[in-house]
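Novice: First, the structure itself, so that you have it in front of you.
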Amino acid sequence: MKRILFTKEFPVDELKTALGDGFHVESHDFIRTEENDWAEIEQHIDTTSSNFIVSSVRSARLIKDLPCSSQFYIVGEKSKEILEKAGYHVAHCALYAVELVDFIKNNFKEKAVFNFLCSQIRRDTIPESLKALGHEVNEIVAYHTTYKNIEIEDDFDTYVFYSPSGVNSFVEQYGIAEKGRIFAIGKTTADAVEESMGRKAEFPDRPDNNSLIQFIKTRLNAEK
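Counting in the numbering used here, the sequence shown runs from -19 upward without gaps.
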């Protein structure tokens, strides 16, 4: 029976149902997040700008009481759904940070200021790329990410990662045997796997959990 480790916590019964028979599944959160109070976040917003960048669901869920004129440039369809449900205008939604940078590059020909809500641990793609284009990025720490120590007793056949932080937390504690198969939610996380482990991770066309589960199921069942 194939043993699969998910490095983000989900109800195991739901994972087993989605994957089908023939898999032993374990699921653990390898990171912990603590959200800042909105009142604290709000103090750091540059009110001269109506441009906001959101690259995570955690940041999207925190946002409230912003002017209706606010323009959101975001990464991830789930974040788009959350913000639109809250009544905000999403000017552009990209699947990946690099795609969002390309959009801003092509649509902001003059210097602009962006409020970027993020964790204290974040990739450099958005802020460094926009600064290189001459834009100003006001980084606001909306939540804090810390690594969690997780005890796992045995090796797994397959490992599933959901974020660069999750990858780094895992690598601090464990390694993956050469025969171990690695899946990632998307390209950004797959890049983190390659950077930290020197390994290639497989990932679906769309970076969402349903697509990932079906992708894993298809790939692993093809081996049976």
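Note that beta-carbon positions come from the ideal geometry of N, C-alpha and C, so glycine has one too.
Which value, in whole angstroms, describes the spacing of the CA atoms of Ile193 and His24?
Specialist: Within the sequence shown, the letter at position 213 stands for residue 193. Within the sequence shown, the letter at position 44 stands for residue 24. Those two C-alpha atoms are separated by around 38 Å.
Novice: Can you give me the Cβ contacts of Lys44 inside the same chain, cut-off strictly under 8 Å, excluding the 5 residues immediately before and after it?
Specialist: Indexing the sequence shown from 1 puts residue 44 at position 64. Trp18 and Ala66, listed in sequence order.
Novice: Along the chain, where does the beta strand (DSSP E) containing Asn129 start, and where does it finish?
Specialist: As a position in the sequence shown, residue 129 is number 149, starting the count at 1. Counting along the chain, Asn129 falls outside any beta strand (DSSP E), and DSSP gives it neither H nor E.
Novice: Which of the three DSSP states is assigned to Ile193 in this structure?
Specialist: Numbered from its first residue, the sequence shown carries residue 193 at position 213. If DSSP states are grouped into helix, strand and coil, Ile193 belongs with the helices.
Novice: For Leu(-1) and Lys197, which I take to be in contact (beta-carbon distance under 8 Å), what is that distance rounded to the nearest angstrom?
Specialist: Stepping through the sequence shown from its first residue, residue -1 is reached at position 19. Stepping through the sequence shown from its first residue, residue 197 is reached at position 217. The Cβ separation is near 5 Å, so the contact holds.
Novice: Quick check: Arg41 and Ile62, are their CB atoms within less than 7 Å of each other?
Specialist: For the purposes of this step, residue 41 is taken as the residue at position 61 of the sequence shown. For the purposes of this step, residue 62 is taken as the residue at position 82 of the sequence shown. Closer than 7 Å, so yes.
Novice: Can you confirm whether the region 73 to 84 touches the region 100 to 117 when touching is taken to mean that 3 or more C-beta pairs between the two stretches lie within less than 8 Å?
Specialist: Output reads yes: the region 73 to 84 touches the region 100 to 117.
Novice: Which residues bound the alpha helix (DSSP H) around Asn148?
Specialist: If you number the sequence shown from 1, residue 148 lands on position 168. Unbroken alpha helix (DSSP H) run through Asn148: Pro144 to Gln153.
Novice: How should Ala89 be labelled, buried or exposed, when 16 other C-beta atoms within 10 angstroms of its C-beta is the threshold for buried?
Specialist: Along the sequence shown, read from residue 1 onward, the residue named residue 89 stands at position 109. Sequence check: residue 89 is Lys here, not Ala. Flag for Lys89 reads exposed.
Novice: In three-state DSSP terms, what is Asn16?
Specialist: Looking up residue 16 in the sequence shown gives position 36. The answer is coil: DSSP assigns Asn16 none of H, G, I, E or B.
Novice: Please go through the region 58 to 128 and give each complete beta strand (DSSP E) segment of 3 or more residues, from N-terminal end onward.
Specialist: For the region 58 to 128, whole beta strand (DSSP E) runs of length 3 or above, ordered along the chain, are 69 to 74, 93 to 99 and 116 to 127.
Novice: I'd like the span of the alpha helix (DSSP H) that includes Arg(-17), first residue to last.
Specialist: Looking up residue -17 in the sequence shown gives position 3. Premise fails: Arg(-17) lies in the beta strand (DSSP E), Lys(-18) to Phe(-14), not in any alpha helix (DSSP H).
Novice: Assuming Ile11 and Gly146 are in contact, meaning their beta carbons sit under 8 Å apart, how far apart are those beta carbons, in whole angstroms?
Specialist: On the sequence shown, position 31 is the one that residue 11 refers to. On the sequence shown, position 166 is the one that residue 146 refers to. Contact flag correct, Cβ pair sits at about 5 Å.
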